[in-house]
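Worksheet: one structure, shown below.
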Amino acid sequence: MPCVRPGGLFAFSTEASADADICLQGSLRYAHSAAYLQRLAAAAGWRVASMTKHVLRDEDRQGVDGHLTVLCRPA
Numbered sequence: 004m005p006c007v008r009p010g011g012l013f014a015f016s017t018e019a020s021a022d023a024d025i026c027l028q029g030s031l032r033y034a035h036s037a038a039y040l041q042r043l044a045a046a047a048g049w050r051v052a053s054m055t056k057h058v059l060r061d062e063d064r065q066g067v068d069g070h071l072t073v074l075c076r077p078a
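Counting with the numbering used here, you get residues 4 to 78 for the letters of the sequence shown.
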C-alpha cells in the first residue's frame, strides 16, 4: 500500500543550489537545484504542484535560500 494515495500531496523544503544538481555546502547541508528536483519528481511518477523560492532560515545573520515544493501523486 502506498504512503500517499492517488491525488495526495507531499510537501518538503530543500536548500537551493544555483549551479549544481546537488552539492554539499560549508554548513554541511546539501543543496539541490530546482531542475534536479523536477527531474527526480518526474522520474518517480510525481507531478510538481508548486515550487517556490523562499528564505528558509538564517545562518550567521544571512538568509539561506531554498525551495518549498509540493508534489502531487497522480490519480
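Backbone N, C-alpha and C define an ideal beta-carbon position, used for all residues, glycine too. Values in this document were obtained by computation on a predicted structure and should not be read as measured data.
**Study point:** Unbroken alpha helix (DSSP H) run spanning LEU43, endpoints
**Key:** 37-46
Practice item. Quick one: grab the DSSP three-state call for SER53. Key: strand
Practice item. Leaving aside the five residues before and after SER36 along the sequence, list all residues of the same chain whose C-beta is less than 8 Å from its C-beta, in chain order. Key: ALA19, SER20, ALA21, ASP22, ALA23, ASP24, ILE25
Review point. DSSP on GLN65, reduced to helix/strand/coil?
Key: strand
Exercise for review: Could you give the DSSP three-state label for SER20: helix, strand or coil?
Suggested key: DSSP places SER20 in coil when its eight states are reduced to three.
**Study point:** Span of the beta strand (DSSP E) around LEU31
**Key:** Unbroken run through LEU31: none, as it is neither H nor E.
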